[in-house]
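Going line by line, the protein sequences match chains V and A.
Numbered according to the numbering used here, the first sequence terminates at residue 581, and the numbering increases by one at each position without gaps.
Numbered according to the numbering used here, the second sequence terminates at residue 581, and the numbering increases by one at each position without gaps.
Heads up, the beta-carbon is just placed ideally off N, CA and C, and yes, glycines get one too.
Remember, predicted model here, so these are calculated numbers, not experimental data.
Okay, structure first, notes after.
2 protein chains.
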Amino acid sequence: MCQLLGMNANTPTDVMFSFTGLATRADEHKDGFGIGFFEGRGARLFVDAQSARVSPVAELVKTWPIHSNNVIAHIRKATQGQVAPENTHPFARELWGRTWVFAHNGDLKDFRPRLHGSFRPVGDTDSEHAFCWLMQELAKAHAGVPAVAELSCTLRELLPQLHRHGTFNMLLSNGQALWAHGSTKLHWLLRQHPFRSAALRDEDLQVNFARHTTPEDRVAIIATEPLTADEAWAAFAPGELKVFVDGVPAG
Amino acid sequence: MCQLLGMNANTPTDVMFSFTGLATRADEHKDGFGIGFFEGRGARLFVDAQSARVSPVAELVKTWPIHSNNVIAHIRKATQGQVAPENTHPFARELWGRTWVFAHNGDLKDFRPRLHGSFRPVGDTDSEHAFCWLMQELAKAHAGVPAVAELSCTLRELLPQLHRHGTFNMLLSNGQALWAHGSTKLHWLLRQHPFRSAALRDEDLQVNFARHTTPEDRVAIIATEPLTADEAWAAFAPGELKVFVDGVPAG
């Protein structure tokens with residue numbers, strides 16, 4: 331199983347602490363890692379087919395404070411597709427003049443829906459195929475970029491069609507919102523005023539968020555497994571879709 | 331004016347030397363830089379809205395030997411569009427299950443052709459608009475990814491339609507070939523057996539390519555201005571399109 335990490339915040343926020351927690355788990359997830367983050371409309375992807383434990387790209391991400399409202403990261407243990415840059419999550423596509431970033435944890439068995447639209451996989455993973463199908467169906471459902479609530483409605487119709495083919499824990503963002511779909515294993519957490527300290531579960535690292543925040547800051551963190559030992563993480567129900575806007579769950 | 335750098339090689343080749351030569355010119359080109367490189371079908375983009383002189387991403391690219399057959403790099407001096415990640419070259423889109431990477435040097439005046447296909451700009455530069463139009467027209471001209479020679483034919487029809495709106499020096503690659511279009515300023519060079527030394531024009535750095543190559547290696551370098559002082563660079567004629575495959579100009 332791969333590991334996912336998502337962050338949605340109401341102010342550009344440093345994801346270094348959580349990414350370090352994720353990268354620590356890269357020992358069993360040696361088949362690459364990637365992180366995509368939005369700065370306004372712009373999305374940047376840093377991916378490497380090397381493990382996040384040794385990758386110089388991961389080192390850059392851990393030491394260089396990236397501030398973003400929406401982040402999607404993934405460390406990979408290959409189930410389908412060889413270890414290559416084109417098979418490394420997150421994947422990105424443009425639709426309606428917005429960049430969409432997607433990462434998947436799970437395994438879709440015998441799922442190759444027909445792609446008749448403008449989105450084709452570059453690599454050979456089930457995940458990128460599913461992402462292309464999602465983009466194709468979103469493009470058919472709306473003429474231009476719709477409101478977040480409308481997109482959530484469409485996703486609530488589409489995601490069960492993927493989920494019934496296998497495990498489909500997923501993170502998706504277009505820079506305005508972050509959608510998270512739980513299948514077998516996904517957790518989430520809100521950090522907001524009053525902020526306190528948190529310690530990573532797998533690494534000797536502690537951050538006092540009160541020192542780095544203002545009372546208005548709100549951050550939602552979504553991760554395969556809880557990253558911290560001393561915060562109240564909630565588990566997604568199987569098939570549950572949550573959408574996060576400005577650091578809180580939206581309608 | 332921005333500065334372009336392209337590399338096309340018949341074996342995965344280190345672009346560090348040439349990129350260092352490009353980054354040296356970043357003093358007047360402080361509005362970001364980017365580099366896209368193919369590893370097989372996979373393309374990775376490293377972009378930063380900071381100058382290549384100070385960017386930690388540029389430092390990573392300069393020190394970490396990236397081996398690639400097709401590279402497109404760009405340092406930016408903004409003429410249209412604010413300094414932001416979504417306006418930083420190179421741009422990338424997927425078409426026919428291939429990633430396409432594009433960078434432009436120049437300025438297209440009052441050029442906003444109608445985009446009725448699947449490609450829309452995320453940022454607000456003339457360059458990304460032109461790239462979306464190119465992708466749209468390629469998608470209309472071919473049902474799937476055609477042979478390189480056919481793509482070159484189509485591009486020979488399309489590029490003059492962009493060029494007549496202003497300066498259009500351009501690099502484009504899909505990982506199989508690299509297309510370079512000269513407008514006002516673009517130079518190219520072949521490095522092949524017998525390899526010799528070359529010294530960067532703007533930096534005290536010399537490389538003896540004979541030490542790092544085999545007699546079969548072939549590399550084409552394309553750059554706005556010649557990067558080395560002691561090699562025979564050729565200038566593109568205005569409106570000239572060249573396509574490079576496996577390190578040499580193709581038909």
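For T484 of chain A, the uninterrupted alpha helix (DSSP H) segment begins and ends at 478-493. Counting of Cβ neighbours within 10 angstroms places V387 of chain V among the buried residues, the total reaching 16 or more. Secondary-structure assignment with DSSP links P579 of chain V through a beta bridge to V:F574.
Close CB contacts of F349 of chain A within its chain, under the 7 Å cut and outside five residues either way in sequence, are with L335, I365, V391, K392, A403 (chain order). Residue range 421-425 is occupied by the beta strand (DSSP E) that includes E424 of chain A. In this structure, DSSP gives L445 of chain V a state outside helix and strand, which the three-state scheme calls coil.
At least one C-beta of chain A is nearer than 8 Å to the C-beta of G372 of chain V.
For T429 of chain A, the nearest beta carbon of chain V is closer than 8 Å to its own beta carbon. In the structure shown, the three-state DSSP call for L519 of chain V is strand.
For W430 of chain A, the enclosing beta strand (DSSP E) covers residues 428-438.
Per DSSP, the unbroken alpha helix (DSSP H) holding P386 of chain V starts and ends at 386-393.
Taking a Cβ-Cβ cut-off of 9 Å, the neighbours of P451 of chain A in chain V comprise E424, G427, given in sequence order. Just so you know, the alpha carbons of D344 of chain V and E480 of chain V end up roughly 29 Å apart. When the Cα atoms are used, D456 of chain A and G427 of chain V turn out to be separated by approximately 14 Å.
Contact annotation for L489 of chain V against chain A: no contact, minimum CB-CB distance about 22 Å [criterion: below 9 Å]. Within the DSSP secondary-structure output, W509 of chain V pairs in a beta bridge with V:L502, V:V573. By alpha-carbon distance to K360 of chain A, the top candidate from A:T354, A:G411, A:R406, A:L501 is A:R406. Of all residues in the region 500-518 of chain A, none is placed with a Cβ closer than 8 Å to any Cβ belonging to chain V. Under the 8 Å Cβ criterion, the region 538-550 of chain A does not count as touching the region 553-563 of chain V, having fewer than three qualifying pairs. In terms of Cβ geometry, N400 of chain V and F449 of chain V do not form a close pair [threshold 8 Å].
Collapsing the DSSP output to three states places R374 of chain V in a strand. Near chain V, meaning a CB-to-CB distance below 7 Å, the residues of the region 398-416 of chain A are A414, P415, E416. Taking a Cβ-Cβ cut-off of 7 Å, the neighbours of V377 of chain V in chain A comprise R374, given in sequence order.
Excluding its 5 nearest sequence neighbours in each direction, L464 of chain A has C-beta neighbours in its own chain below 7 Å: L488, listed in chain order. Taking Q333 of chain V as reference, the option from V:T341, V:G351, V:P342 with the minimal CA-CA separation is V:G351. DSSP, read as helix, strand or coil, puts D532 of chain A in coil. Within chain A, no residue has its CB atom less than 9 Å from the CB of W563 of chain V, the nearest being about 31 Å off. Closer than 8 Å at the C-beta level to chain V, one finds these residues of the region 441-472 of chain A: G447, S448, F449, R450, P451, V452, G453, A469.
Under DSSP, R548 of chain A takes part in a beta bridge, and its partners are A:Q522. Between P420 of chain A and chain V, the shortest Cβ-Cβ separation is not below 8 Å. Under the Cβ distance rule, P386 of chain A counts among the residues neighbouring chain V, one pair being separated by less than 8 Å. Counting along the chain, the unbroken alpha helix (DSSP H) around S348 of chain V starts and ends at 346-353. Interface flag for L390 of chain A against chain V is set, since a Cβ pair is found closer than 8 Å. Relative to A564 of chain A, the option among A:L445, A:N435, A:H517 whose CA is nearest is A:H517. No Cβ of chain A is located within less than 8 Å of the beta carbon of E533 of chain V.
With a threshold of 8 Å between beta carbons, E369 of chain A makes contact with chain V.
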